[in-house]
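At position 118 of the sequence shown (counting the first as 1) the number is 460 in this note's numbering, and the numbers step up by one without a gap. Down below is the structure, laid out as structure tokens.
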Amino acid sequence: MRYNLLITIIVIVLITQAFFLFLMNYKKMNLNFRPSNEIKIKDYMPNEKNDLLTQKNIQNVLGYNWIELIKSGNNSEQAKLSSLLYLYKETNRTDVYFNYVKKSFGISKTEWNELRLASIDTRNLTKQNTVRSIDNLIKINKFFKEKGLDTSVTTNRLNFLMQFINKYGLPQGRITSNYRDVVYEVVNIRVTDYSDLVRLLLTKSGDFVKRV
343 MRYNLLITII VIVLITQAFF LFLMNYKKMN LNFRPSNEIK IKDYMPNEKN DLLTQKNIQN
403 VLGYNWIELI KSGNNSEQAK LSSLLYLYKE TNRTDVYFNY VKKSFGISKT EWNELRLASI
463 DTRNLTKQNT VRSIDNLIKI NKFFKEKGLD TSVTTNRLNF LMQFINKYGL PQGRITSNYR
523 DVVYEVVNIR VTDYSDLVRL LLTKSGDFVK RV
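Shown next as structure tokens:
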């Protein structure tokens, strides 16, 4: 009887140990697992002087560190607004290469923008359209690199921003007075609605911007 009881106790102890060992390994596996579409902060980390200056400018205006914001996963209007403004900055950075493109390939800035916006419907202001615009920018960046011209717009950073907008979406509605000041500080225009800002981002045109 005692022998059977001892065997039972040993079996229970072994099962308990095995169970806790399984839980520890399972938790460790989950911590190490990263979905392929997860936002990876290391893909964004700036490595150029212009990147650092832009990040510092946004931090001065918005009052927080861009990298820390993304790390914290803050699903706030500030995060969405800063993502839009950063994309606008990145879009404008390609301007310095248009003379090279026109001289080398006979494509004017207007023609290039028409190609970039060919699949963009600015009446449909959704995150899908914004992501499509980023995808076109990635293609432009790859085009420059294939021709031996390095750009300040990195594919990794644009991919990061695309994932960010996919994850958090785009802000909608009117922009409060404080955020209007933020937009003005970063892009030197005043907008009253987020849709105006998205249109500006997609078209790089002031036609939709309400100056107040």
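Every residue gets a Cβ at the ideal spot worked out from N, C-alpha and C, and that includes glycine.
CA-to-CA, the gap between L479 and L539 works out to about 18 Å. Short of 8 Å from the beta carbon of D535, and not among the five residues preceding or following it, lie these beta carbons of its own chain, in chain order: G515, R516, I517 and K552. Around the CB of S519, fewer than 16 other CB atoms lie within 10 Å, so the residue is classed as exposed. Excluding five sequence positions before and after R522, the CB atoms of its chain that fall closer than 6 Å to its own CB belong to R532, given in chain order. For a cut-off of 8 Å, the C-beta gap from T472 to L512 is around 6 Å, short enough to register as a contact. Of all alpha-carbon atoms in K469, K484, K489 and R474, the one lying nearest the alpha-carbon of S537 is that of K469. Shown here, R532 sits in coil according to DSSP, grouped into three states, outside any helix or strand.
For the 8 Å CB-CB criterion, N483 and L503 do not form a contact. I354 counts as exposed, since fewer than 16 other beta carbons sit within 10 angstroms of its beta carbon.
Inter-residue distance for Q401 and E488 is about 33 Å (C-alpha atoms, whole angstroms).
Close CB contacts of I507 within its chain, under the 7 Å cut and outside five residues either way in sequence, are with S425, K469, T472 and V473 (chain order). The beta-bridge partner set that DSSP reports for R516 consists of D535. Sixteen is the threshold: when 16 or more other Cβ atoms of the shown chains lie within 10 Å of the Cβ of I476, as they do, the residue is buried. Between I357 and T350, the alpha-carbon positions lie close to 11 Å from each other. Each of K481, G490, K398 and K509 was checked against the Cα of T497, and the nearest Cα belongs to K481.
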